[in-house]
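Q: According to full-length UniProt numbering, the sequence shown is numbered sequentially starting from 1.
Ideal Cβ positions, reconstructed from N, Cα and C, are used throughout, including at glycine.
Because the structure is a prediction, the values reported are computed rather than measured.
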Amino acid sequence: MTRIALVTGANQGLGFALAEGLAARLRPQDLVLLTGRNAQRVEEAVTRLAGANSRVEGRVLDVTDHDAVAALAGELRREHGGVDIVLSNATGPLSPERTQAEQADHYIAVSNGGTHAVLRSFGPVLRPGGRLIVVASSFGTLGYLDPRLHPLFDGVSLDDVEKAVESWRTAIHDGTSEAQGWPRWLNVPSKIAQVAAVRAVAAQRRERDLRDGTLVAAVCPGLVDTRASRPWFEDFSQAQTPAQAAGPVLDLVLAGHVDPANYGELVRFGKVLPWLGGDPARYARIEVS
1 MTRIALVTGA
11 NQGLGFALAE
21 GLAARLRPQD
31 LVLLTGRNAQ
41 RVEEAVTRLA
51 GANSRVEGRV
61 LDVTDHDAVA
71 ALAGELRREH
81 GGVDIVLSNA
91 TGPLSPERTQ
101 AEQADHYIAV
111 SNGGTHAVLR
121 SFGPVLRPGG
131 RLIVVASSFG
141 TLGYLDPRLH
151 PLFDGVSLDD
161 VEKAVESWRT
171 AIHDGTSEAQ
181 GWPRWLNVPS
191 KIAQVAAVRA
201 VAAQRRERDL
211 RDGTLVAAVC
221 PGLVDTRASR
231 PWFEDFSQAQ
241 TPAQAAGPVL
251 DLVLAGHVDP
261 ANYGELVRFG
271 KVLPWLGGDP
281 ARYARIEVS
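#1: Are residue 3 and residue 84 close, meaning C-beta to C-beta below 7 Å?
#2: Contact between the region 215-227 and the region 239-252: three or more CB pairs below 8 Å?
#3: Are the CB atoms of residue 92 and residue 111 nearer to each other than 7 Å?
#4: Under the assumption that residue 76 contacts residue 133 (Cβ atoms under 8 Å), give the Cβ distance between them as a whole number of angstroms.
#5: Could you tell me whether the region 51-71 touches the region 15-32, where touching means 3 or more Cβ pairs closer than 8 Å?
#6: Spatial neighbours of residue 165 within its chain, please: CB distance less than 6 Å, with the 5 preceding and 5 following residues excluded, ordered by chain position.
#7: Using the beta-carbon count (16 or more within 10 Å), is residue 95 buried or exposed?
#8: Could you check if residue 170 is buried or exposed, using at least 16 other CB atoms within 10 Å of its CB as the buried criterion?
#9: So the candidates are 154, 90, 128, 97; which of them puts its Cα closest to the Cα of residue 8?
#10: Indicate the three-state DSSP secondary structure (helix, strand or coil) for residue 128 in the structure shown.
#11: Starting from residue 30, follow the beta strand (DSSP E) in both directions and report where the run begins and ends.
#12: Start and end of the beta strand (DSSP E) containing residue 57?
#13: Which residues in the same chain have their Cβ closer than 8 Å to the Cβ of residue 156, if we skip the five residues on either side of it in sequence?
#14: Here's a check: name, in chain order, each residue in its chain whose Cβ is nearer than 7 Å to the Cβ of residue 70, leaving out the five neighbours to either side.
#15: Could you please give me the residues that DSSP links to residue 215 through a beta bridge?
#16: Going along the chain, which residues of its own chain have a beta-carbon closer than 6 Å to the beta-carbon of residue 239, five neighbours each way excluded?
#17: Please state the DSSP three-state secondary structure of residue 193.
#18: State the Cα-Cα distance for the pair residue 68 and residue 37, rounded to the nearest angstrom.
#19: Starting from residue 177, trace the beta strand (DSSP E) both ways and give me its first and last residue.
#20: Classify residue 98 as helix, strand or coil using the three-state DSSP reduction.
#21: State buried or exposed for residue 268, treating a residue as buried only when at least 16 other CB atoms are found within 10 Å of its CB.
#22: Taking C-beta to C-beta, are residue 59 and residue 33 nearer than 7 Å?
#23: Going by DSSP, name the residue or residues bridged to residue 36.
#24: Excluding sequence positions up to five away, which residues of its chain have a Cβ less than 6 Å from the Cβ of residue 278?
#25: Once the 5 residues before and after residue 137 are set aside, which same chain residues still bring their CB inside 7 Å of it?
#26: Is residue 159 buried or exposed, if buried means 16 or more other CB atoms sit within 10 Å of its CB?
#27: Hey, which unbroken runs of the alpha helix (DSSP H) at 4 residues or more fall wholly within the region 143-184?
#28: Helix, strand or coil for residue 11? Go by DSSP, reduced to three states.
#29: May I ask you to report which of helix, strand or coil DSSP gives residue 238?
#30: Check for me: the alpha helix (DSSP H) holding residue 119 runs from which residue to which?
Given below as structure tokens:
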């Protein structure tokens with residue numbers, strides 16, 4: 001059977017490395033769909049993968065357009081009977097040169113709204129034995145959030161996560177977010193919400209998926225040296241290249257056996273990060289305005 005893989009945010013950085021790695025490790029009859037919102041960049045990225053082991057095709061996809069995400073999922077259901085691998089990697093850019101409030105709408109729309117759209121649309125078309133993976137980070141554990149906010153994300157539905165994200169976004173704009181306990185740096189609550197969304201979806205599918213060998217999970221690729229990460233960290237001595245970071249993620253995705261311990265969890269280098277782990281003060285030191 002032909003395997004169908006899709007990567008969002010795949011025209012550069014880690015997303016490109018994930019698409020490249022899939023194209024190298026899948027079979028010639030398999031298909032990797034490399035997606036991004038800029039048609040020229042998607043075309044250029046596909047050209048860079050000419051001669052890969054598997055077939056690679058580009059698709060223009062803006063994950064903030066939920067109708068477009070649903071339409072692509074429907075297309076793959078009609079043409080291929082579904083999809084086998086989905087790597088939700090698209091994320092919005094963050095710059096220290098602009099205030100967090102100025103960037104909140106677009107960042108949240110891509111990183112969180114896009115994640116929700118992928119989970120909602122591609123979850124139902126994921127074939128048995130498939131992989132539905134959201135690329136998050138180690139910031140995505142609930143312990144990094146003020147305890148007052150834990151009930152918004154712990155043991156809740158995807159609808160509840162979406163409501164919590166909208167409440168956070170509203171608080172940013174009306175100036176009450178810090179008083180409510182939200183971290184100033186957008187990246188922290190955004191990643192927590194991504195992992196909470198994965199956990200919410202996984203909780204509804206767990207029994208069937210484990211029976212079928214299907215994996216729904218979030219992954220932390222570790223610190224990756226990219227244009228997006230460089231403004232935020234001073235020490236890159238231990239940072240990975242995108243290709244290096246993609247390796248453990250693809251090992252998880254392409255493993256023949258699904259470890260039930262990984263299901264619905266945030267996995268970093270093959271190990272689960274405890275959902276309640278983290279210190280709310282740790283990332284308060286990052287200077288943002």
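A: The structure says:
#1: Translated into positions along the sequence shown, residue 3 becomes position 3. Translated into positions along the sequence shown, residue 84 becomes position 84. Yes, Cβ-Cβ distance for residue 3 and residue 84 is below 7 Å.
#2: Yes, since at least three Cβ pairs between the region 215-227 and the region 239-252 fall closer than 8 Å, the two stretches touch.
#3: Mapped onto the sequence shown, residue 92 falls at position 92. Mapped onto the sequence shown, residue 111 falls at position 111. Result yes, Cβ atoms of residue 92 and residue 111 sit closer than 7 Å.
#4: Here residue 76 refers to the residue found at position 76 of the sequence shown. Here residue 133 refers to the residue found at position 133 of the sequence shown. Not really, about 16 Å apart at Cβ, beyond 8 Å.
#5: Under the Cβ criterion (8 Å, minimum of three pairs), the region 51-71 counts as touching the region 15-32.
#6: The sequence position of residue 165 within the sequence shown is 165, counting from 1. Taken in chain order, the residues that qualify are 112, 193.
#7: Here residue 95 refers to the residue found at position 95 of the sequence shown. It is exposed - the Cβ of residue 95 has fewer than 16 other Cβ atoms within 10 Å.
#8: The residue given as residue 170 occupies position 170 in the sequence shown. Residue 170 is exposed by the Cβ-count criterion.
#9: For the purposes of this step, residue 8 is taken as the residue at position 8 of the sequence shown. Residue 8 has its Cα closest to that of 90, out of 154, 90, 128, 97.
#10: Walking along the sequence shown from the start, residue 128 turns up at place 128. Three-state result, residue 128: strand.
#11: Start at 1 with the first residue of the sequence shown, and residue 30 comes out as number 30. Boundaries for residue 30: no beta strand (DSSP E) harbours it, and the DSSP string shows neither H nor E there.
#12: Start at 1 with the first residue of the sequence shown, and residue 57 comes out as number 57. That run of the beta strand (DSSP E) goes 55-60.
#13: Within the sequence shown, the letter at position 156 stands for residue 156. So the qualifying residues of the chain are 164, 196, 200.
#14: Within the sequence shown, numbered from 1, the residue matching residue 70 stands at position 70. Cβ within range, chain order: 121.
#15: Within the sequence shown, residue 215 is the residue found at index 215, counting from 1. Residue 215 is bridged by DSSP to 131.
#16: On the sequence shown, position 239 is the one that residue 239 refers to. Correct list, in chain order: 223, 225.
#17: By one-based count along the sequence shown, residue 193 stands at place 193. The answer is helix: DSSP assigns residue 193 an H, G or I state.
#18: Position 68 of the sequence shown, counted from the first residue, corresponds to residue 68. Position 37 of the sequence shown, counted from the first residue, corresponds to residue 37. Taking the straight line joining both Cα atoms gives about 11 Å.
#19: Against the sequence shown, residue 177 aligns to sequence position 177. Careful: residue 177 lies outside any beta strand (DSSP E), inside the alpha helix (DSSP H) at 177-180.
#20: Here residue 98 refers to the residue found at position 98 of the sequence shown. When DSSP states are grouped into helix, strand and coil, residue 98 belongs to the coil group.
#21: Residue numbering aside, residue 268 sits at position 268 when the sequence shown is read from its first letter. By the neighbour-count criterion, in which 16 or more other beta carbons inside 10 Å mark a residue as buried, residue 268 falls on the buried side.
#22: On the sequence shown, position 59 is the one that residue 59 refers to. On the sequence shown, position 33 is the one that residue 33 refers to. In contact: residue 59 and residue 33 (Cβ atoms closer than 7 Å).
#23: Here residue 36 corresponds to residue number 36 of the sequence shown, with the count starting at 1. BP columns for residue 36 point to 60.
#24: Counting from 1 along the sequence shown, the entry for residue 278 is found at position 278. Result list for residue 278: 141, 143, 144, in chain order.
#25: Locating residue 137 in the sequence shown gives position 137, where the first residue counts as 1. The residues are 191, 220.
#26: Mapped onto the sequence shown, residue 159 falls at position 159. Here residue 159 is exposed. Its C-beta has fewer than 16 other C-beta atoms within 10 Å.
#27: Counting only runs of 4 or more, we get 158-174, 177-180.
#28: By one-based count along the sequence shown, residue 11 stands at place 11. In the structure shown, residue 11 sits in coil (DSSP, three-state: anything other than H, G, I, E or B).
#29: In the sequence shown, the residue the question calls residue 238 occupies position 238. In the three-state scheme derived from DSSP, where H, G and I count as helix and E and B as strand, residue 238 is classed as coil.
#30: Working through the sequence shown from its first residue, we reach residue 119 at position 119. First-last of the alpha helix (DSSP H) with residue 119: 114-122.
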